[in-house]
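Worksheet for the structure shown next.
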């Protein structure tokens, strides 16, 4: 690949970082507005405020260091011997770039933990999260080693041992993303079809529609991760562009999930358990020739410790 391709990819990455950072700011402000309007000081309210703020803080570090690195490469050191590519190779392990990579890894850990938790919420069964949890531990270990290698003197995230470890790290974390997405998508589709085939609950579309599947499964997060992993594993210099999308959706996707939860539009543990129980009773009643109806209602969005809605089987 030519140096020009890398330069164009890095330039586009910084611009898309800025655009998607604006999206994250809007989502964060919407989230905080709802949470601050809630007069109940619940544990979940405090958690969502803390989690959202941490996400914003980490993504701010990531996109800022990328922008500063680009400024140093193209403007401050424009006359560097060998050009921008030579400057990049010589400064890939500069301290603030390592700080940005560290923020990205921590952000991944936060987002993946939320996805694993959502898998449990949708299934209410700890066995479902065993494999994702093992992948999470692998990502944690590989991430620490990757940061050490890429941050060492003359380390380069896109070359040498750091690149090999990076491939292993991103394989584990993106496999986790894909696994969690499939688990969540499958569960929502199953519950949705069960509801639609029985009674078409009044608010079922909020929980089983396309938007619910895309947001709750963090589908953009997984798809951008696949694109990045393939290009990074191939050693393509365009991987830095896909990496920008992946890095930003690592923050945006969980923020969208949180926003749905506090608005009362997301699946909760109680709602999932009651819906599954109702669907199970449907099978029994059908065997007995009885008619069954399921009705999903939306509860108060401010009661974030509760179900956020109710499911009734009649």
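Numbering (our numbering), first residue to last: -2 to 311.
Note that the Cβ used here is the ideal one computed from N, Cα and C, for glycine as well.
All values derive from a computational prediction rather than experimental measurement.
What's the gap between the Cα of residue i and the Cα of residue j?
| i | j | result |
| --- | --- | --- |
| residue 269 | residue 254 | 16 Å |
| residue 107 | residue 274 | 31 Å |
| residue 266 | residue 86 | 49 Å |
| residue 172 | residue 104 | 16 Å |
| residue 264 | residue 189 | 11 Å |
| residue 124 | residue 65 | 44 Å |
| residue 183 | residue 116 | 10 Å |
| residue 15 | residue 43 | 28 Å |
| residue 92 | residue 40 | 37 Å |
| residue 80 | residue 260 | 51 Å |
| residue 150 | residue 157 | 13 Å |
| residue 29 | residue 112 | 21 Å |
| residue 185 | residue 90 | 43 Å |
| residue 162 | residue 230 | 11 Å |
| residue 51 | residue 23 | 15 Å |
| residue 69 | residue 232 | 24 Å |
| residue 192 | residue 207 | 15 Å |
| residue 88 | residue 72 | 15 Å |
| residue 35 | residue 114 | 24 Å |
| residue 75 | residue 60 | 21 Å |
| residue 134 | residue 126 | 12 Å |
| residue 217 | residue 187 | 21 Å |
Quick one: what's got a C-beta closer than 7 Å to residue i's C-beta in the same chain, skipping five residues either side?
| i | result |
| --- | --- |
| residue 234 | -2, 2, 3 and 6 |
| residue 228 | 235, 236 and 239 |
| residue 212 | 253, 254 and 257 |
| residue 83 | 77 |
| residue 25 | 49, 53 and 252 |
| residue 17 | 245 and 249 |
| residue 170 | 105, 109 and 136 |
| residue 62 | 93, 94, 96 and 97 |
| residue 27 | 256 |
Is DSSP giving residue i helix, strand or coil here?
| i | result |
| --- | --- |
| residue 264 | coil |
| residue 78 | coil |
| residue 10 | helix |
| residue 232 | coil |
| residue 67 | helix |
| residue 15 | helix |
| residue 206 | coil |
| residue 38 | coil |
| residue 49 | helix |
| residue 215 | coil |
| residue 270 | helix |
| residue 61 | helix |
| residue 91 | coil |
Kindly list the residues whose CB is nearer than 6 Å to the CB of residue i, restricted to its own chain and excluding five residues on each side of it in sequence; keep chain order.
| i | result |
| --- | --- |
| residue 242 | 221 |
| residue 46 | 32 |
| residue 10 | 237, 238 and 241 |
| residue 8 | none |
| residue 148 | 90 and 95 |
| residue 0 | 82 |
| residue 214 | 178, 181 and 182 |
Is the beta carbon of residue j closer than 7 Å to that of residue i?
| i | j | result |
| --- | --- | --- |
| residue 176 | residue 129 | yes |
| residue 141 | residue 159 | no |
| residue 58 | residue 110 | no |
| residue 317 | residue 165 | Lying outside -2 to 311, the shown extent of the chain, residue 317 is not represented and no answer is given. |
| residue 209 | residue 178 | no |
| residue 119 | residue 181 | yes |
What residues in its chain sit with their C-beta under 8 Å from that of residue i, if we drop five residues either side in the sequence?
| i | result |
| --- | --- |
| residue 144 | 95, 98, 99 and 102 |
| residue 56 | 18, 21, 100, 104, 244, 245, 247 and 248 |
| residue 13 | 238, 241, 242 and 245 |
| residue 223 | 171 and 175 |
| residue 225 | 167, 171, 236, 239, 240, 242 and 243 |
| residue 121 | 266, 269, 270 and 273 |
| residue 67 | 7, 8 and 11 |
Can you tell me whether residue i sits near the ligand NAP, meaning its C-beta is under 6 Å from at least one heavy atom of the ligand?
| i | result |
| --- | --- |
| residue 261 | Ligands in the displayed structure: none, and consequently the ligand NAP is not present. |
Which complete alpha helix (DSSP H) runs does the region 97 to 183 hold, if anything under 4 residues is left out? 127 to 148
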